[in-house]
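Novice: If you're matching positions, the sequence shown starts at 127 in our numbering and goes up one per residue. One structure, as structure tokens, below. Some questions next.
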Amino acid sequence: MTLHAAQVRAIDELNIGVKEGMSTCIKRCAIACIPLLAPPRIAACAALCILACKLTPPTVVMNCTTGCTNSVIDTYKPTDVEKVNKIVGSFYKTCKHNNL
127 MTLHAAQVRA IDELNIGVKE GMSTCIKRCA IACIPLLAPP RIAACAALCI
177 LACKLTPPTV VMNCTTGCTN SVIDTYKPTD VEKVNKIVGS FYKTCKHNNL
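As structure tokens, then:
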């Protein structure tokens with residue numbers, strides 16, 4: 127099962143926000159991401175979702191981060207959840223820097 131930007135964007139529809147508290151955000155992210163089944167996909171989905179909760183980045187930055195993450199996961203198929211989190215963080219920094 128492939129994690130696509132549309133699936134991550136669907137998480138936005140949960141109205142997750144800092145005002146609800148991070149524990150609520152994390153729970154909702156987990157519920158939204160568990161159906162993806164593969165640990166790297168779940169990790170990417172959760173990392174992107176929590177990133178959106180914590181930082182509420184502009185749409186262009188979130189779309190850039192999501193697209194880059196999906197591309198790398200589809201191409202290299204990482205199996206280490208920690209690597210996936212680092213991939214998301216790295217792309218977020220790059221996308222944020224390039225879109226400011």
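All residues carry an ideal CB built from backbone N, CA and C; glycine is no exception.
Distance, Cα to Cα, residue 175 vs residue 155?
Specialist: Taking the straight line joining both Cα atoms gives about 6 Å.
Novice: Check whether the segment 184–192 and the segment 152–168 are in contact - that is, three or more C-beta pairs closer than 8 Å.
Specialist: Short answer: they don't touch.
Novice: Based on Cα-Cα distance, which residue from 179, 166, 163 lies nearest to residue 149?
Specialist: Closest by alpha carbon: 179.
Novice: Ordered along the chain, which non-local residues of its own chain (more than five positions away) have a Cβ less than 7 Å from that of residue 211?
Specialist: 169, 173.
Novice: Mapping the DSSP letters down to three states, classify residue 200 as helix, strand or coil.
Specialist: Three-state DSSP puts residue 200 in a helix.
Novice: DSSP state of residue 163, grouped into three classes?
Specialist: Coil at residue 163, not helix or strand.
Novice: Where does residue 226 fall in DSSP's three states?
Specialist: Reduced to three states, the DSSP call for residue 226 is coil.
Novice: With distances taken from CA atoms, which of 171, 162, 164, 221 is nearest residue 152?
Specialist: For the residues 171, 162, 164, 221, the minimum Cα distance to residue 152 belongs to 171.
Novice: Taking the C-alpha atoms as reference points, what is the distance between residue 229 and residue 218?
Specialist: Missing from the structure shown is residue 229; the chain here goes from 127 to 226 and no further.
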